[in-house]
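Notes to accompany the following structure.
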Amino acid sequence: FGSRATNARHVSLFSQVQHSRPAMELSIFNVNHGFCEAVVRGLRSGFLTSEDYRRLSTSDTLEDMRSALEESDYGTFLQDEPSPLLVSTISKKCYE
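Here it is in structure tokens:
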């Protein structure tokens with residue numbers, strides 16, 4: 068079959084390959100769906116926080132709601148809408 072030196076060399080090479088496997092796995096990690104995951108992670112940063120929800124839930128008027136949204140990532144959502152803000156305007160903007 069082979070000498071002990073050759074077998075020892077094969078065992079040594081095998082252990083080197085095993086130790087380099089995690090690095091290889093990282094190089095192909097999420098190669099098929101990486102773009103989609105990156106987009107979702109980017110959108111996730113725009114979720115409303117619990118503080119944003121608290122401000123929205125304590126809004127007494129639609130103008131207060133507009134002010135609460137302006138402090139979040141949705142600041143431009145109702146920015147160009149004239150006062151007084153109407154429920155129909157908000158509904159229309161949600162479908163745009």
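Heads up, the sequence shown is in the working numbering, so the first residue is 68 and it goes up one at a time.
All residues carry an ideal CB built from backbone N, CA and C; glycine is no exception.
Note that the structure is predicted; figures quoted are calculated from it, not measured.
- Following the DSSP letters along the chain, one finds LEU152 in no alpha helix (DSSP H), marked with neither H nor E.
- Taking C-beta separations shorter than 6 Å and ignoring five residues to either side along the sequence, THR116 has no partners in its chain.
- If you compare the alpha carbons of LEU123, VAL154 and VAL106 with that of SER139, the shortest gap goes to LEU123.
- Around the C-beta of LEU110, fewer than 16 other C-beta atoms lie within 10 Å, and the residue is accordingly described as exposed.
- GLU163 sits in coil when the DSSP states are folded into three classes, being neither helix nor strand.
- Boundaries of the alpha helix (DSSP H) around SER134: 129–137.
- Sequence-distant Cβ neighbours of GLU130 in its own chain, meaning closer than 8 Å and more than five residues away, are SER150, PRO151 and LEU152.
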